[in-house]
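Q: Could you have a look at this structure, given as structure tokens, before my questions?
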Amino acid sequence: MSAAAPRIVEVRKNILRHNDETARQLRARFQQEGVFVVSLVSSPGSGKTALLERTLSELGRKFRPAALVGDLATENDAARLARSGAPVRQISTGTVCHLDATMVGMALEGWNLSELDLLFIENVGNLVCPASFDIGESLRLVLLSVTEGEDKPLKYPTIFNSADVAVITKSDLAEAAEFDWDAAARHIAAVRPGMPILRLSSRTGAGMDEWLSFLEARLRGSLQNLRLSSQSAPPC
Amino acid sequence: MHELSIAMSILEIAEEEAGKHQGEAVAAIHIRIGNMAGVVPQALLSAFELAREQTAFERCSLVVEEVPGTELQLAALELVS
Chain F
51 MSAAAPRIVE VRKNILRHND ETARQLRARF QQEGVFVVSL VSSPGSGKTA LLERTLSELG
111 RKFRPAALVG DLATENDAAR LARSGAPVRQ ISTGTVCHLD ATMVGMALEG WNLSELDLLF
171 IENVGNLVCP ASFDIGESLR LVLLSVTEGE DKPLKYPTIF NSADVAVITK SDLAEAAEFD
231 WDAAARHIAA VRPGMPILRL SSRTGAGMDE WLSFLEARLR GSLQNLRLSS QSAPPC
Chain Y
11 MHELSIAMSI LEIAEEEAGK HQGEAVAAIH IRIGNMAGVV PQALLSAFEL AREQTAFERC
71 SLVVEEVPGT ELQLAALELV S
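Chains as they are written, first to last, in my numbering: chain F, 51 to 286; chain Y, 11 to 91.
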């Protein structure tokens with residue numbers, strides 16, 4: 051008996067459609083509730099939590115920020131961030147190397163988003179996996195610390211390419227690490243031309259003002275867009 | 011590691027699509043992976059072998075076409091009757 055020749059049936063479906071759809075719903079919900087959502091990705095130890103700690107404390111005077119933090123295990127980061135007084139939740143991913151839209155949605159259960167202005171989502175420290183998953187954020191930051199070397203963007207182009215802003219952290223250690231700022235900027239631009247680059251030190255506070263003004267401008271811009279789009283909505 | 015969740019998404023879509031073609035078995039699943047999609051083909055192939063165990067796709071193979079960009083698409087199913 052000879053086997054019949056196989057036939058090919060076209061499918062053409064996005065493999066991450068479930069995640070993308072969930073992320074789209076989250077984004078719509080964030081917009082509706084007026085929350086500006088910023089996610090942070092980087093390798094472990096680049097200073098995501100330190101930057102958030104300082105950011106939450108400073109922003110808390112003017113805005114109502116909150117944070118979700120993803121890690122494989124422990125609630126250490128949430129405990130650190132909670133000291134700022136902002137609402138914080140930990141997402142323990144178990145063995146999963148990234149956050150996805152469903153995890154974010156589940157972590158938000160019971161939270162009244164309309165009481166917030168800004169939500170930060172700290173992804174699992176990983177420069178590979180988080181790149182593929184949209185989690186409904188409006189702004190994705192990629193952090194690079196001066197101790198990691200200026201060629202990180204070339205080594206991990208996918209994640210740098212998926213981000214909107216690059217933040218170079220631990221600038222107070224730049225001299226000791228012989229960090230080459232120009233090379234770093236060149237490498238970032240090679241991977242994602244035109245991406246804004248900020249430099250700061252969460253320890254000394256250098257560059258924090260620029261970062262906070264940048265964030266505030268983006269936040270106000272997004273709120274304004276929201277108002278414009280609701281004004282121009284056609285009558286139903 | 012995220013390749014495993016991607017392999018499972020592939021099987022989920024394949025199962026749904028295969029349901030439209032009763033009486034035929036899926037011999038292969040063809041996918042397209044962009045070089046900027048953040049998915050390593052070799053890792054995905056290993057993850058797929060793991061994910062297909064004890065499913066209707068146990069004998070189904072995964073055929074990867076590498077393309078430029080961020081695409082991650084289940085392109086086609088290869089069916090045999």
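Positions of the beta carbon are idealized from the N, C-alpha and C atoms, including for glycine. The model shown is predicted, which means the values in this text are computed figures rather than measured ones.
May I have the straight-line CA-CA distance separating Val-241 of chain F from Arg-249 of chain F, to the nearest angstrom?
A: Along the first sequence, read from residue 1 onward, the residue named residue 241 of chain F stands at position 191. Along the first sequence, read from residue 1 onward, the residue named residue 249 of chain F stands at position 199. Roughly 18 Å between the two C-alpha positions.
Q: Does the beta carbon of Met-46 of chain Y sit closer than 7 Å to a beta carbon anywhere in chain F?
A: Walking along the second sequence from the start, residue 46 of chain Y turns up at place 36. It does; some Cβ of chain F falls within 7 Å.
Q: Is it true that the stretch 21–35 of chain Y meets the stretch 58–77 of chain Y, where meeting means three or more beta-carbon pairs spaced less than 8 Å apart?
A: The answer is yes - the stretch 58–77 of chain Y touches the stretch 21–35 of chain Y, with three or more Cβ pairs under 8 Å.
Q: Answer with yes or no whether the minimum CB distance from Glu-60 of chain F to chain Y is below 7 Å.
A: Counting from 1 along the first sequence, the entry for residue 60 of chain F is found at position 10. Taking Cβ atoms only, chain Y reaches closer than 7 Å to Glu-60 of chain F, which makes this a yes.
Q: Under 7 Å, CB to CB, which of the residues in the stretch 60–81 of chain F have a partner in chain Y?
A: Per Cβ criterion, the list reads Glu-60, Val-61, Arg-62, Lys-63, Asn-64, Ile-65, Leu-66, His-68.
Q: Would you report the Cα separation of Val-154 of chain F and His-68 of chain F, rounded to the nearest angstrom?
A: Working through the first sequence from its first residue, we reach residue 154 of chain F at position 104. Working through the first sequence from its first residue, we reach residue 68 of chain F at position 18. Each residue's Cα considered, the two are about 14 Å apart.
Q: Answer yes or no: does any C-beta atom of chain F fall closer than 7 Å to that of Glu-59 of chain Y?
A: Numbered from its first residue, the second sequence carries residue 59 of chain Y at position 49. False, the Cβ-Cβ gap to chain F never drops below 7 Å.
Q: For Glu-34 of chain Y, which residues of its own chain have a beta-carbon under 8 Å away from its beta-carbon, when the five flanking residues on both sides are left out?
A: The sequence position of residue 34 of chain Y within the second sequence is 24, counting from 1. Ala-28, Leu-89, Val-90, Ser-91, listed in sequence order.
Q: Does the beta-carbon distance from Leu-84 of chain Y to Ile-41 of chain Y come in below 7 Å?
A: Locating residue 84 of chain Y in the second sequence gives position 74, where the first residue counts as 1. Locating residue 41 of chain Y in the second sequence gives position 31, where the first residue counts as 1. Closer than 7 Å, so yes.
Q: Quick check on DSSP: helix, strand or coil for Val-90 of chain Y?
A: One-based indexing of the second sequence puts residue 90 of chain Y at position 80. Looking at Val-90 of chain Y - three-state DSSP - the assignment turns out to be strand.
Q: May I ask you to verify whether the stretch 167–178 of chain F touches the stretch 76–89 of chain F, counting CB pairs closer than 8 Å and requiring at least 3?
A: Segments in contact, yes.
Q: Can you tell me the Cα-Cα spacing of Glu-78 of chain Y and Ile-209 of chain F, whole angstroms?
A: Numbered from its first residue, the second sequence carries residue 78 of chain Y at position 68. Numbered from its first residue, the first sequence carries residue 209 of chain F at position 159. Before going on, a small fix: residue 78 of chain Y reads as Pro here, not Glu. Using only the alpha carbons, I get a separation of about 16 Å.
Q: Any idea if Thr-99 of chain F is buried or exposed, counting beta-carbon neighbours within 10 angstroms, 16 or more meaning buried?
A: Position 49 of the first sequence, counting from 1, holds the residue named residue 99 of chain F. Buried, since its Cβ has 16 or more Cβ neighbours within 10 Å.
Q: I need the boundaries of the beta strand (DSSP E) containing Ala-148 of chain F, first residue and last residue.
A: Position 98 of the first sequence, counted from the start, is the residue given in the question as residue 148 of chain F. For the record, residue 148 of chain F in the displayed sequence is His; it is not Ala. First-last for His-148 of chain F: undefined, no H or E at that position.
Q: Using the DSSP secondary-structure output, state which residues sit across from Phe-86 of chain F in a beta bridge.
A: What you label residue 86 of chain F is simply residue 36 of the first sequence in a count that begins at 1. Note: Phe-86 of chain F sits in a beta bridge opposite F:Leu-168.
Q: Strictly below 8 Å CB to CB, what residues from chain F border Glu-27 of chain Y?
A: The residue labelled residue 27 of chain Y in the question sits at position 17 within the second sequence. Residues of chain F passing the Cβ test: Val-59, Val-61, Lys-63.
Q: Look at the alpha carbon of Thr-219 of chain F and the alpha carbon of Ile-43 of chain Y, and state the distance between them as a whole number of angstroms.
A: As a working note, residue 219 of chain F is residue 169 in the first sequence. As a working note, residue 43 of chain Y is residue 33 in the second sequence. Those two C-alpha atoms are separated by around 32 Å.
Q: What residues in the stretch 142–154 of chain F bring their beta carbon closer than 8 Å to a beta carbon of chain Y?
A: Cβ contacts with chain Y: Thr-145, Val-146, Cys-147, His-148, Asp-150.
Q: Determine the DSSP secondary structure at Gly-48 of chain Y, reduced to helix, strand or coil.
A: Counting from 1 along the second sequence, the entry for residue 48 of chain Y is found at position 38. Note: Gly-48 of chain Y maps to coil in three-state DSSP.
Q: If we ignore side chains and look at the alpha-carbon of each, how far apart do Val-217 of chain F and Leu-193 of chain F end up?
A: As a first step, residue 217 of chain F is located in the first sequence; it is residue number 167 there, counting from the start. As a first step, residue 193 of chain F is located in the first sequence; it is residue number 143 there, counting from the start. Looking at the two C-alpha atoms, the distance is approximately 5 Å.
Q: Quick one: residues in its chain with C-beta nearer than 8 Å to the C-beta of Arg-253 of chain F, no 5 flanking neighbours on either side, listed in chain order?
A: As a working mapping, residue 253 of chain F is identified with position 203 in the first sequence. For Arg-253 of chain F, where only same-chain residues beyond five positions count, the Cβ hits under 8 Å are Ala-100, Lys-220, Asp-222.
Q: Evaluate Leu-278 of chain F with the Cβ neighbour count: other Cβ atoms within 10 Å of its Cβ, from every protein chain shown; 16 or more gives buried, anything less gives exposed.
A: By 1-based counting over the first sequence, the position of residue 278 of chain F is 228. Exposed, because fewer than 16 other Cβ atoms sit within 10 Å of the Cβ of Leu-278 of chain F.
Q: Would you say Ala-53 of chain Y lies against chain F (beta-carbon separation less than 7 Å)?
A: Against the second sequence, residue 53 of chain Y aligns to sequence position 43. With 7 Å as the cut-off, Ala-53 of chain Y does not count as an interface residue toward chain F.
Q: Rounding to the nearest angstrom, what Cα-Cα distance links Pro-180 of chain F and Gly-120 of chain F in this structure?
A: Residue mapping note: residue 180 of chain F aligns to position 130 of the first sequence, counting from 1. Residue mapping note: residue 120 of chain F aligns to position 70 of the first sequence, counting from 1. Their backbone Cα atoms lie some 11 Å apart in a straight line.
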